[in-house]
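To keep things clear, I will list the structure first and then write my remarks on it.
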Amino acid sequence: MALGSHSRSQRTALSVGLSLLTNLLIAQPTLATNVFTCYANDFVDPSHTVGHYAANLAGAQDTIVAWANEMNSYGPWSVTDKPILAPSGNKHDYMSWAPYQWPDCSKAGNKTVLTPEQMWKTCPYVNRDGLVNPDRTTINDFQSFFNLSDAVLYNSLAFTFRNQSSSVYSQNVVKFIKGWFLDAATAMNPNLNYAQMNRGPNGQHGEYTGILDLRGFSKIASGILILRKHGSSDWTAEIDNQMVAWCNKYIDWLQTAPNALQAAAAKNNHGTFYVNQLMALKLIVNDTTGATTLGRGYFGGIYKGQIQSNGDQPLEASRTRPYHYRNFNIAGMITNARLLKHADPTSNDWNTTSNGATIQTAIDFLMTTKPSATHEKDVTAEIYPNVAAVGATYGDLKGKYVNFLNVSGFPYASDASFLWDQPLAGGNTASSNSESKPISEASPHSVAPPASTSAHQASGTVGAVRPSMQIWVMYGILGIFGWRLC
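With mature numbering (1 follows the signal peptide of the UniProt record, and there is no 0) as the guide, the letters of the sequence shown map in order to residues -32 to -1, 1 to 454.
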């Protein structure tokens, strides 16, 4: 069949279809497919895990254990699992494809159907902001890292629910971290040279946007700090030293590589999440001074221009999916504030103003908007953990934030984030002194599906626990091939 006999859109669709078909036929690493809340980012201070958990946190504990058990059935993950090598030819190099880039083969000059590999290198790629190219999942390093960061966070938290120096959960944290970072056969090289890589004849290199791919380092930092805090016998000095050494190499790359420095200079969510990642890494290597400097630099720098006096975020509002991107950046702001508070307990950057506004002003504005106004579907639930975090931090004397969550149908008191979004009203009891019910390691906990009807999309931000029927179908299809959109 000659490509010249078809329209450009038909040829592009055919090429993309062939790429997807190839992906389905290639053995892929197994990824989690069950739908649960997937946070754009977060940091859990280890102080939340010290002492007895209040009785009203039992639902959140059950959810965390259920999620940890699910993730454990899919790990470990490694960059060496992907079926396609980076242009370097080194299987240890991380690689992902730019999500919004699509091939335009109309001027490629070919007379026959291109193979996916030919298309990736021959056809120019054009950007379609907000429209994710589905063949991005051909390479799953970005999704594998999301799964890894979730697994480390939930397993470390589940470990704290029993007063033991070792458990299956702490052992899994160690196994997953060693598999991705430390074991010689599977370890990732400490760079993102091919993250969100451009394709086409002038591509084959990573972009500054790819720094976002590893934003989940704040979750990994949470897990490591929790194991340190609780003196886990599984997290040995040798493993700690190896992880610190790896992170120091990656920090050097983040502070010197051109695409990393471009992300650092970005004034929108890319700059926000760059600080997320680098602050988290600084905490892992025990450089609290460096983490503090980064956090103060963010809140005294680009943050000042991110929120208008009415709470809107102009740099995110200008995107094709403004509801999503506003939430996305707020999650990054919240994570930066939490990281800085851990590094410097005297900091009070939740109250740092931007044009007379705070993070609270930004969430208050967003609560008045509707995603349907900008034709965004299945993204409503992205706001819920952000609302809970703001209510817990700024206070909710009039019940404004709890009422918003209740009316929305989001079961926030049984969501994992309720464990660290404290104090916030809710849960089975109002007790803050009694110990929560014991949690067994022997079997997964069953968490009843809540009433939320929203779902989440593929950029890695918050998603609902019960999506619409259409999304269930989509997840079911993706699940057959081991894909988890998170």
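Glycine included, each C-beta is placed from N, C-alpha and C at the ideal position.
Since we're looking at a predicted model, the values are computed, not measured.
**OP:** Could you give the DSSP three-state label for residue 285: helix, strand or coil?
**Re:** Correct three-state label for residue 285: helix.
Original post:
In three-state DSSP terms, what is residue 41?
Top reply: coil
**OP:** Look at the Cβ atom of residue 44, then the Cβ atom of residue 147, and state whether they are nearer than 7 Å.
**Re:** Contact flag set, yes.
**OP:** Would you tell me roughly how many angstroms separate the C-alpha atoms of residue 26 and residue 114, rounded to the nearest one?
**Re:** 25 Å
Original post:
Where residue 297 and residue 392 are concerned, what is the direct C-alpha to C-alpha distance, given to the nearest angstrom?
Top reply: 22 Å
Original post:
Taking three-plus beta-carbon pairs below 8 Å as touching, is the region 156 to 172 in contact with the region 232 to 244?
Top reply: no
Original post:
Can you tell me where the beta strand (DSSP E) with residue 214 in it begins and where it stops?
Top reply: Per DSSP, residue 214 belongs to no beta strand (DSSP E); it is in the alpha helix (DSSP H), 205 to 222.
Original post:
How long is the line joining the alpha carbons of residue 189 and residue 81, rounded to whole angstroms?
Top reply: When rounded, the separation of the alpha-carbon atoms in residue 189 and residue 81 is 47 Å.
Subject >> residue 328 vs residue 360 beta-carbon contact at 7 Å >> reply: With respect to residue 360, residue 328 sits apart: the two C-beta atoms are not nearer than 7 Å.
Original post:
Do the region 65 to 74 and the region 114 to 124 touch if we need at least three Cβ pairs shorter than 8 Å?
Top reply: no
Original post:
What span of residues does the alpha helix (DSSP H) with residue 93 cover, start to end?
Top reply: Looking at the DSSP string, residue 93 is not in any alpha helix (DSSP H); the run it does join, the beta strand (DSSP E), is 93 to 95.
Subject >> Interface flag, residue 209 vs chain B, CB-CB below 7 Å >> reply: Absent from the structure is chain B; it holds one protein chain and no more.
Subject >> Segment contact flag, the region 85 to 93 with the region 198 to 216, C-beta cutoff 8 Å, min 3 pairs >> reply: Because the criterion of three Cβ pairs below 8 Å is not met, the region 85 to 93 and the region 198 to 216 do not touch.
Subject >> Three-state secondary structure assigned by DSSP to residue 388 >> reply: coil
Original post:
Out of curiosity, what's the CA-to-CA distance linking residue 375 and residue 250?
Top reply: 40 Å
Original post:
Nearest CA to the CA of residue 98: which residue from 166, 379, 343?
Top reply: Nearest option by C-alpha distance: 343.
Original post:
Under the rule that 16 or more other beta-carbon atoms within 10 Å means buried, what is residue 20, buried or exposed?
Top reply: exposed
Original post:
Any idea if residue 183 is buried or exposed, counting beta-carbon neighbours within 10 angstroms, 16 or more meaning buried?
Top reply: buried
Original post:
According to DSSP, is residue 71 helix, strand or coil?
Top reply: strand
Original post:
Between which two residues does the alpha helix (DSSP H) containing residue 139 stretch?
Top reply: 136 to 145
Original post:
Can residue 267 and residue 320 be called in contact, C-beta distance under 7 Å?
Top reply: yes
Original post:
Do the CB positions of residue 372 and residue 358 come within less than 7 Å of each other?
Top reply: no
**OP:** Would you identify the three-state DSSP class for residue 172, choosing helix, strand or coil?
**Re:** coil
**OP:** Would you kindly check if the distance between the Cβ of residue 333 and the Cβ of residue 279 is under 7 Å?
**Re:** yes
Original post:
By Cβ distance, which residues of its chain are closer than 8 Å to residue 203, with the 5 residues on each side in sequence left out?
Top reply: 138, 141, 142, 192, 195, 196
**OP:** Answer yes or no: do residue 49 and residue 162 have a C-beta to C-beta separation smaller than 7 Å?
**Re:** no
**OP:** Could you check the C-alpha separation between residue 501 and residue 308 for me, to the nearest Å?
**Re:** Because the chain spans -32 through 454 in this model, residue 501 falls outside it and cannot be assessed.
**OP:** Give the secondary structure of residue 117 by DSSP, where H, G and I count as helix, E and B as strand, and everything else as coil.
**Re:** helix
**OP:** Under the assumption that residue 8 contacts residue 305 (Cβ atoms under 8 Å), give the Cβ distance between them as a whole number of angstroms.
**Re:** Not a contact, Cβ separation roughly 14 Å.
Original post:
Looking at residue 261 and residue 312, is the spacing between their C-beta atoms short of 7 Å?
Top reply: Contact: no.
**OP:** Just the C-alpha distance for residue 107 and residue 363, rounded to the nearest angstrom, thanks.
**Re:** 43 Å
Original post:
Going straight from the alpha carbon of residue 289 to that of residue 225, what length do you get?
Top reply: 29 Å
Original post:
Who are the Cβ neighbours of residue 345 in its own chain at under 8 Å, not counting the five residues just before and after it?
Top reply: 339
Original post:
Between residue 245 and the rest of its own chain, which residues show a CB-CB distance below 8 Å, the 5 nearest in sequence each way excluded?
Top reply: 179, 182, 183, 185, 186, 222
**OP:** Please name the residue in 270, 84, 302, 218 whose C-alpha comes closest to that of residue 150.
**Re:** 218
Subject >> residue 303 burial status per 10 Å Cβ neighbour count (16 or more: buried) >> reply: buried
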